[in-house]
Structures are given as structure tokens and as C-alpha cells.
Amino acid sequence: MNKTPLHDIHVQLGAKMVNFSNWEMPISYSSLIEEHNAVRSSVGIFDVSHMAVFDFDGGDQIAFFEKIFANDIKKISKDNKAIYGALLNEQGGILDDLIIYHANDKFRLVSNCSTREQNKNWYEKHAAEFGVRVIERADMGILAIQGPDALSKVSAIEEMNDQASSLQTFGCMFDGEKLYARTGYTGEDGLELILPAKDIKHLWDQALGLGCMPIGLGARDTLRLEAGLNLYGNDMTIDNHPYESNLGWTIDMSDENRQFIGKEALLSIDQSKSQKITGVILQDKGVLRPGYEITHEQGNGVVLSGSYSPTLQSSIGLVRVDQGFKKNGKVVIRNKVLNIEFVSPRFIGQGKIHP
95 MNKTPLHDIH VQLGAKMVNF SNWEMPISYS SLIEEHNAVR SSVGIFDVSH
145 MAVFDFDGGD QIAFFEKIFA NDIKKISKDN KAIYGALLNE QGGILDDLII
195 YHANDKFRLV SNCSTREQNK NWYEKHAAEF GVRVIERADM GILAIQGPDA
245 LSKVSAIEEM NDQASSLQTF GCMFDGEKLY ARTGYTGEDG LELILPAKDI
295 KHLWDQALGL GCMPIGLGAR DTLRLEAGLN LYGNDMTIDN HPYESNLGWT
345 IDMSDENRQF IGKEALLSID QSKSQKITGV ILQDKGVLRP GYEITHEQGN
395 GVVLSGSYSP TLQSSIGLVR VDQGFKKNGK VVIRNKVLNI EFVSPRFIGQ
445 GKIHP
């Protein structure tokens with residue numbers, strides 16, 4: 095079982111530890127609802143060092159990313175910014191979703207831990223063509239400080255570069271080996287800090303001393319669900335294409351000459367007939383769970399992610415359904431047919447409940 099550099103500290107804090115893709119990770123320290131509400135109302139800190147970090151050296155890195163990434167890396171190639179998008183296979187199936195960071199003429203990539211080996215092999219396979227060396231950064235860890243008070247807390251941490259708290263949304267900067275980015279997975283403001291593992295404990299201790307609450311994977315999941323953010327393996331897999339996974343906005347076809355992997359397959363898809371991901375709120379008593387069947391007047395679907403929402407105080411879910419749905423539908427839970435309302439998949443954003 096893999097362990098993050100903060101594993102012993104999580105245990106000392108009384109965290110409930112679970113196996114997450116062969117990483118022993120904290121699912122909660124106190125209660126999921128308490129941790130969730132702390133991020134929505136003030137600030138929390140997450141250890142997400144199980145994520146996969148890669149750096150790149152030499153060769154034509156822009157051409158390399160133009161080929162393997164469905165979004166267009168040129169959007170950030172001259173800026174200190176991050177870009178989100180999908181890694182596709184030749185059939186247009188989603189191998190993973192990831193963020194690529196660019197600052198100081200360097201690229202750094204973060205993707206999911208469950209796809210680490212698959213992705214590493216994929217990067218190396220295609221990097222050779224462009225003379226690029228792929229460097230897996232197993233010596234790195236990641237902390238996420240998220241919530242409406244996140245930036246004020248970050249600015250009070252001694253080791254933090256003063257410029258980090260003034261980054262724009264999806265802006266990033268290198269400070270030596272450390273990378274600071276105004277990104278996150280909660281629907282709240284904040285920073286993600288990708289830094290050498292040896293530096294993490296001191297920064298974590300300072301953040302807790304400043305009032306950041308430690309947050310486990312349980313609240314991380316309910317926070318991202320309220321924000322309408324996909325989880326790879328739940329809301330999309332290699333069997334799904336971006337248009338049926340709410341990722342069509344990350345597909346950049348503006349450069350007709352750019353031939354990225356999966357482009358031809360995507361061009362053959364009739365988007366008007368594709369299923370799509372949307373949000374639902376359960377109108378009756380119960381809890382939505384992955385796999386539950388959805389019906390509406392024009393077709394069917396399935397719950398991908400579902401949970402109780404501490405903010406809305408209702409059960410919510412992301413569902414993939416046939417197009418043509420109106421306001422209301424049905425879900426089958428334990429042989430009972432219950433009522434659902436179709437809503438935007440982004441239930442919460444920057445402290446606001448979306449209609």
C-alpha cells in the first residue's frame with residue numbers, strides 16, 4: 095500500500111484511513127459534513143499527494159502536447175497558466191482527465207493516481223517522437239488549500255512566495271521546484287501547491303496552526319459533486335467520449351492543421367444524438383447512488399455519482415441520460431420509483447447555489 099509523506103500525521107490526527115487506488119488515504123478526520131461545511135464557509139486543507147505528477151525535459155514539448163492533449167496547449171504556451179482537458183485514445187475514449195501547468199518555460203502535469211502507469215506509458219510512447227523526456231516526480235506531493243478564506247491563510251504561511259496569493263484563476267507560478275496554482279476540485283477559491291515531499295510537513299503544520307481544517311476524501315467527493323466536477327472512473331471512463339461526459343468545451347478544433355489523438359473519431363460523432371451528463375436533485379426521501387436507473391419522457395439514463403449534499407441538504411447526482419429531458423424524471427431506488435428534478439450539473443460555485 096502506498097502512503098503519502100503525511101501518512102503518519104493523518105493517523106496521529108485520528109483520521110479514518112481507507113484504501114484508495116492502492117493508496118492509504120484519510121477519508122475523514124471528524125465528520126464528512128463538518129469538513130464539507132468548513133470548506134464552504136471558511137477553509138480546509140487536503141493532502142492529495144496520491145495524484146501523479148510529471149515534468150518534461152527537452153525536445154519539442156509543445157508539439158508533443160498538441161498531439162496527446164485534446165485541448166490546445168498553445169493557449170497557455172506563452173503564459174503562466176494551467177489548462178484542463180482530456181487524454182484520448184484513437185477511438186476518442188477518455189484515458190484520463192488532467193491539468194497541465196506552464197510557467198517559466200516549464201510544463202508540469204498532474205493526473206489521477208488510478209491511471210498512473212497507463213498514462214506514464216502513454217506519455218513515454220508518444221514523447222519519443224518529439225525528443226521529449228518524461229520525468230515522473232514521485233518525490234513530489236500536493237496540498238490543496240480551499241475555501242473562501244483560503245488566500246488569506248496562504249498569504250500568512252511563512253514559506254509561501256508573496257506572489258502566490260495574487261495569482262488569477264488558473265494562473266500558476268514556479269518558485270524553484272515548488273509550483274503554486276490557483277486551481278482546485280471543490281467549487282471554492284483556493285490554491286494547489288505541488289512541492290517536494292520533504293517540504294510538505296512543515297507547510298501542513300503551519301496551515302493547521304493558522305486555522306485550516308484537515309479534510310478527507312469523503313468531503314472532497316461531496317464538494318466536487320456539488321461543483322459538478324467529474325471523477326474519472328465514475329463519471330467517465332475509457333468507454334466514454336468527451337461529448338457525453340460534459341467535456342466538449344475542452345475539445346479544441348480551432349486549428350484545422352492540429353491532428354491530436356482521437357480527433358478523427360470525435361469528428362464522426364453526432365453530438366445531437368449523444369447522451370449527456372446533467373445534474374439531478376432527488377425530490378423524495380432517499381439517497382442517489384451510482385448505477386441507479388433514470389427515466390424521463392424521451393429516454394433513459396443512469397446515475398454516475400450520487401450523494402447527500404450538505405449544502406443543499408438534499409440528495410444530488412450526476413447522471414448520463416438521453417437528450418430531450420425536461421424538468422422532471424424518475425429514478426428507481428430499491429424497487430421504488432421516486433421523483434427527480436433535472437438541474438445544472440454545477441449545483442454550487444464560488445459559494446453560490448445555482449438554479
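When you read off a place in the sequence shown, starting at 1, and then add 94, the result is the number in our numbering.
Note that the Cβ used here is the ideal one computed from N, Cα and C, for glycine as well.
Values in this document were obtained by computation on a predicted structure and should not be read as measured data.
- Here the alpha carbons of Glu391 and Thr344 stand approximately 30 angstroms from one another.
- Around the beta carbon of Thr263, fewer than 16 other beta carbons sit within 10 angstroms, so the residue counts as exposed.
- Linking Asn213 to Ala132 through their CA atoms gives a straight-line distance of about 34 angstroms.
- Contact check for Asn429 against Ile371 fails: the beta carbons are separated by 9 angstroms or more.
- Phe201 is bridged by DSSP to His196.
- In this structure, DSSP gives Pro120 an extended state, which the three-state scheme calls strand.
- Around the C-beta of Asp102, fewer than 16 other C-beta atoms lie within 10 Å, and the residue is accordingly described as exposed.
- Taking 9 angstroms as the cut-off, the beta carbon of Gly265 is found no closer than this to the beta carbon of Asn198.
- Taking all protein chains in view, the Cβ of Ser403 is crowded by 16 or more other Cβ atoms within 10 Å, so the residue is classified as buried.
- According to the DSSP assignment, Thr389 belongs to the beta strand (DSSP E) that extends over Glu387 to His390.
- Counting along the chain, Ala221 sits inside the alpha helix (DSSP H) bounded by residues Arg210 to Ala221.
- In this chain, the alpha helix (DSSP H) harbouring Gly303 covers Ile294 to Gly303.
- Each of Ile251, Thr280 and Ile294 was checked against the Cα of Glu271, and the nearest Cα belongs to Ile294.
- Leu273 is the residue among Leu273, Gln417 and Leu181 whose C-alpha sits nearest the C-alpha of Leu289.
- If you look at Gln377, you'll find it isn't in any beta strand (DSSP E); DSSP assigns it neither H nor E.
- DSSP places Asp102 in no beta strand (DSSP E) but in the uninterrupted alpha helix (DSSP H) bounded by His101 to Gln106.
- Within the region 341 to 420, the complete beta strand (DSSP E) segments of 3 residues or longer fall at 370 to 376, 387 to 390, 393 to 403 and 408 to 415, listed in chain order.
- Within the same chain, Glu435 and Phe436 come within 7 angstroms of Lys421 by CB-CB distance, once the 5 residues on both sides are set aside.
- Gln417 has its alpha-carbon roughly 12 angstroms from the corresponding atom of Gly423.
- The DSSP-derived three-state label of Leu237 is strand.
- At the C-beta level, Gly411 and Val397 come within 9 angstroms of one another.
- Residue nearest to Val137 within the set Asp151, Thr389 and Thr280 is Thr280 (criterion: CA-CA distance).
- DSSP, read as helix, strand or coil, puts Ala250 in coil.
- Following the DSSP letters along the chain, one finds Leu317 inside the alpha helix (DSSP H) bounded by residues Leu311 to Glu320.
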